[in-house]
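Asks: Take this structure, written in structure tokens, and hold onto it; I'll ask about it next.
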Amino acid sequence: MPSYSAPIKDTQFILHDVLKITETQIPGYDELEAEFTSAVLEEAGKIAGEVLHPLNTVGDTEGCRLENGVVYTPTGFKAAFEQVKEGGWTGLDMPEQYGGQNMPYVMGTAVGEFFSAANQAFTMYQGLTHGAASAILAHGTDAQKDTFLPKMVSCEWTGTMNLTEPHCGTDLGLMRTKAEPQEDGSYKITGQKIFISSGDHDMADNIIHLVLAKIPGGPDGIKGVSLFIVPKFIVKDDGSLGDRNGVSVGKIEEKMGIHGNSTCVMNYDSATGYLLGTEHKGMRAMFTMMNEARLGVGMQGLAQAEAAYQNALEYAKDRLQGRDVTGAKNPEGPADPLIVHPDIRRNLMDQKSFAEGARAFILWGAKMLDQAHRSEDKDADGLISLLTPVIKGFLTDQGYDMTVQAQQVYGGHGYIEEWGMSQYTRDARIAMIYEGANGVQALDLVGRKLAQDGGKHVMAFFEMIKNFCKENGDISDAYSKEFIEPLKAASKDLQAAGMYFMQNGMKNPNHALAGSYDFMHMFGHVCLGLMWAEMAKAAQAALDAGSSDAAFYETKIATGRYYMARRLPATALHLARIQTGADTVMALDADQF
């Protein structure tokens, strides 16, 4: 059975040595002293390792079941959910007014990685609830907030988001679910939604569905979509639960992974719903939830990669196969451990350098969200808006690839279910698809985000890279050569790609869209390059200050060197592809495929 240990030390390093969170003028950050964050992360690590991780294989093998209209979660999930709720983990970064602990989002993100790495399918139940609660918090009336948020923050009631229908996924303007206005101000919701994560289960007293639907007579397409709160059980005026609403589970989807999460077909038959936000502005309200969810999904890519890497590393150290070509390292044994071989080292270094760089990237993104929301910083809001499709798309693509590489370390045993490695790959696969498939993330990045506010935010990003290189170029000759120069080169590749889009995309939009996926990955590599340059700088500063943990910081710098030398040059390949344009991509007619 696989093992998992929360990377507390590395998370602390990023929070305090790299991001220097207590020195940031964001409301609430002054309370995030190292001793406090360590205590929170230590406790979260225990929950992840001792409560959630042992149920990961259980959830994968048992799955959820639907019996007589009731969805049952795997053995042990319900008791574990009670422990998570009792610890206040479900409301870690939610307002105290509704029962939360009001910690910054960056802490919720750090804890979320531990929980997702330990058991992604389980953690989705509270994750979807957090997103639904955030949408109600941002767009609900005071009465709606008072009615739903206290129970959702505590996860006595959980939440979902209902977008997709059998005939429409990305193109939500095609949806058919209807919302008929009633005299009392409510609506009757009728239609079917599919792929609804945590759609129904036995761990909460009520489930609060946020459902996209069209009010008859509204505008065509996406402009006519509204968002509704549709509870499983009607909530009475005194807050108690009343009759069962017209909501039922059609079936539980049979999936490649995340078996422990109840992904449901949901049927709405004149179900009572309440408008959330403004008529025909449903996507605006839904995107409050989706943008948060996309950062959370990017974090899932990191989480699965980290968990898989930990097990691959342990296997590589224990498994004896072959001899080191430079001389036996285990002369008393029949063979040397796998980890002596250069190709295994390459494989593990790919994983290690990705996971540690991605952790810094996701926590930096969470810090920007805190800055945007808690400090009302519009520049931070613009930058995280730009980077959201990169975090979601790049980290989930790469995270999936790293779980495959972790499997590869095991050879045939990685393909055998008893070793448990296939679950990381299967669970990671969905992250590339849900909350907007990664191809759509790339289109969003190139088609919308680059030009947002007149290109202000992407220009600010390039200026940030330029200033970082300028300010830190003279730290040392080695640092300049190993970190600054590769970062400059990668940033120039990214700027050249953007220039290509500007020069050619107006004449033929396909020239930009055909290169969008490469651009998203190029952007991701540059962001991880910046994170590694930041981490190497912080690690060297700790060494110069005489840290008693020199091995940790020396390892950090060596891992960064690997990323800059072996991973970051991928930007040149992506640029070469982008500059070929769309002609070869679009050369065949549809009937020639």
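If you count the sequence shown from 1, position 278 lands on 268 in my numbering, and the numbers rise without skipping.
Note that the Cβ used here is the ideal one computed from N, Cα and C, for glycine as well.
1) May I ask which residues mark the beginning and end of the alpha helix (DSSP H) holding A100?
2) For A169, which three-state DSSP category applies?
3) For D190, which of G488, E243, V330, G78 has the nearest alpha-carbon?
4) Under DSSP, the beta strand (DSSP E) around P221 begins and ends at which residues?
5) Quick check: what's the CA-CA separation for A203 versus K135?
6) What are the boundary residues of the beta strand (DSSP E) that T148 is part of?
7) Using the beta-carbon count (16 or more within 10 Å), is M510 buried or exposed?
8) Rounded to the nearest angstrom, how far is the Cβ of N257 from that of Q182, given a contact under 8 Å?
9) Just checking: is the beta-carbon of M454 within a distance shorter than 9 Å of some beta-carbon in chain D?
10) Am I right that A504 and G571 are in contact with their C-beta atoms under 8 Å? What's the rounded C-beta distance?
11) Less than 8 Å between C-beta atoms, sequence neighbours within five positions excluded: which residues of the same chain meet that for Y543?
12) Helix, strand or coil for R234? Go by DSSP, reduced to three states.
13) Just list the residues that DSSP pairs C254 with in beta bridges.
14) If we count the other Cβ atoms within 10 Å of its Cβ and call it buried at 16 or more, is Y553 buried or exposed?
15) Rounded to whole angstroms, what is the Cα-Cα separation between G429 and G229?
16) Under the three-state reduction of DSSP, which class applies to N498: helix, strand or coil?
17) Would the beta-carbon of G77 fall within 9 Å of that of L45?
18) Assuming H511 is part of the alpha helix (DSSP H), what are its boundary residues?
19) What residue does the beta strand (DSSP E) around E57 start on, and which one ends it?
20) Let me check understanding here. Comparing Cα to Cα, which of A441, E461, G519 lies closest to M489?
21) How long is the line joining the alpha carbons of T386 and D7, rounded to whole angstroms?
22) What did DSSP end up calling G420 once you bin it into helix, strand or coil?
23) Excluding five sequence neighbours on each side, which residues of the same chain lie with their C-beta closer than 6 Å to the C-beta of I474?
24) Taking 9 Å as the cut-off, decide whether the C-beta atoms of V143 and T80 are in contact.
25) Going along the chain, which residues of its own chain have a beta-carbon closer than 6 Å to the beta-carbon of V436, five neighbours each way excluded?
26) Considering only their Cβ atoms, is the gap separating I197 from G130 smaller than 9 Å?
27) Write down the C-beta distance between I37 and V74 rounded to the nearest angstrom, noting that I regard them as a contact closer than 8 Å.
28) Per DSSP, Y177 is paired with what?
29) Quick one: measure Cβ to Cβ for C158 and M165, integer angstroms, because I've assumed they're closer than 8 Å.
30) Which residue from D333, N500, F112, P379 puts its Cα closest to that of M585?
31) Going by DSSP, what residues sit across from K382 in a beta bridge?
32) Going by DSSP, name the residue or residues bridged to A203.
33) Residues in its own chain within less than 8 Å of D20 by CB, not counting five upstream and five downstream?
34) Which residue or residues does DSSP assign as beta-bridge partners of E408?
35) With 16 as the cutoff for other CB atoms within 10 Å, does H403 come out buried or exposed?
36) What is the residue span of the beta strand (DSSP E) that Y553 lies within?
Replies: According to the data block:
1) Here residue 100 refers to the residue found at position 110 when the sequence shown is read from its first residue. From DSSP, the alpha helix (DSSP H) with A100 extends over 95 to 108.
2) Counted from its first residue, the sequence shown places residue 169 at position 179. Three-state result, A169: strand.
3) Position 200 of the sequence shown holds residue 190. For D190, the nearest C-alpha among the options comes from E243.
4) Taking the sequence shown and counting its residues from 1, one reaches residue 221 at position 231. Where P221 is concerned, the enclosing beta strand (DSSP E) stretches over 215 to 221.
5) Counting from 1 along the sequence shown, the entry for residue 203 is found at position 213. Counting from 1 along the sequence shown, the entry for residue 135 is found at position 145. If you take the alpha carbons of A203 and K135, they lie about 21 Å apart.
6) Position 158 of the sequence shown holds residue 148. Run containing T148: 147 to 152, per the beta strand (DSSP E) assignment.
7) Along the sequence shown, read from residue 1 onward, the residue named residue 510 stands at position 520. M510 is buried by the Cβ-count criterion.
8) Reading the sequence shown from its first residue, position 267 is the one you call residue 257. Reading the sequence shown from its first residue, position 192 is the one you call residue 182. Right, their Cβ atoms sit about 5 Å apart.
9) Here there is only one protein chain, and chain D is not present.
10) Along the sequence shown, read from residue 1 onward, the residue named residue 504 stands at position 514. Along the sequence shown, read from residue 1 onward, the residue named residue 571 stands at position 581. Rounded, the Cβ-Cβ distance is 7 Å, consistent with contact.
11) Within the sequence shown, residue 543 is the residue found at index 553, counting from 1. Result list for Y543: A529, Q530, A532, L533, S537, in chain order.
12) As a first step, residue 234 is located in the sequence shown; it is residue number 244 there, counting from the start. The answer is strand: DSSP assigns R234 an E or B state.
13) Residue mapping note: residue 254 aligns to position 264 of the sequence shown, counting from 1. In the DSSP output, where bridge partners are listed per residue, C254 has I186, I242.
14) For the purposes of this step, residue 553 is taken as residue 563 along the sequence shown, with counting starting at 1. The residue is buried, with at least 16 neighbouring Cβ atoms inside 10 Å.
15) Sequence index remark: in the sequence shown, residue 429 carries index 439 (1-based). Sequence index remark: in the sequence shown, residue 229 carries index 239 (1-based). Rounded to whole angstroms, G429 to G229 spans 43 Å at the Cα level.
16) Taking the first residue of the sequence shown as position 1, residue 498 is located at position 508. Coil at N498, not helix or strand.
17) In the sequence shown, counting from the first residue as 1, residue 77 sits at position 87. In the sequence shown, counting from the first residue as 1, residue 45 sits at position 55. Their beta carbons are not under 9 Å apart, which means G77 does not touch L45 by this criterion.
18) Mapped onto the sequence shown, residue 511 falls at position 521. Residues 506 to 534.
19) For the purposes of this step, residue 57 is taken as residue 67 along the sequence shown, with counting starting at 1. E57 -> beta strand (DSSP E) spans 55 to 57.
20) Mapped onto the sequence shown, residue 489 falls at position 499. Of the listed residues, the one whose Cα sits closest to M489 is A441.
21) The sequence position of residue 386 within the sequence shown is 396, counting from 1. The sequence position of residue 7 within the sequence shown is 17, counting from 1. So the alpha carbons of these two residues sit roughly 26 Å apart.
22) Within the sequence shown, the letter at position 430 stands for residue 420. Sequence inspection shows Ile at residue 420; the Gly mentioned does not correspond to that position. In the structure shown, I420 sits in a helix (DSSP, three-state: H, G or I).
23) Numbered from its first residue, the sequence shown carries residue 474 at position 484. If we look at I474 and ignore the five residues flanking it on each side, its Cβ neighbours are C459, G463.
24) In the sequence shown, residue 143 corresponds to position 153, counting from 1. In the sequence shown, residue 80 corresponds to position 90, counting from 1. Yes, these two residues count as a Cβ contact at 9 Å.
25) Counted from its first residue, the sequence shown places residue 436 at position 446. A502, S506, F509.
26) Start at 1 with the first residue of the sequence shown, and residue 130 comes out as number 140. Start at 1 with the first residue of the sequence shown, and residue 197 comes out as number 207. Not in contact: G130 and I197 (Cβ atoms no closer than 9 Å).
27) For this step, residue 37 is matched to residue 47 along the sequence shown. For this step, residue 74 is matched to residue 84 along the sequence shown. At roughly 7 Å, the Cβ-Cβ gap stays under 8 Å, so I37 and V74 are in contact.
28) In the sequence shown, residue 177 corresponds to position 187, counting from 1. Answer by DSSP bridge pairing, in chain order: P171, G263.
29) One-based indexing of the sequence shown puts residue 158 at position 168. One-based indexing of the sequence shown puts residue 165 at position 175. Right, their Cβ atoms sit about 5 Å apart.
30) Absent from the structure is residue 585, since the part of the chain shown begins at -9 and ends at 583.
31) Your numbering for residue 382 matches position 392 in the sequence shown. K382 is not bridged to any residue.
32) As a first step, residue 203 must be located in the sequence shown, where it is residue number 213. Paired residues: S216.
33) Taking the sequence shown and counting its residues from 1, the one referred to as residue 20 is at position 30. Result list for D20: T12, in chain order.
34) Your numbering for residue 408 matches position 418 in the sequence shown. For E408, which the question treats as bridged, DSSP gives no partner whatsoever.
35) Against the sequence shown, residue 403 aligns to sequence position 413. By the neighbour-count rule (16 or more Cβ atoms within 10 Å), H403 is not buried but exposed.
36) Looking up residue 553 in the sequence shown gives position 563. Neither: Y553 is in no beta strand (DSSP E) and is coded neither H nor E.
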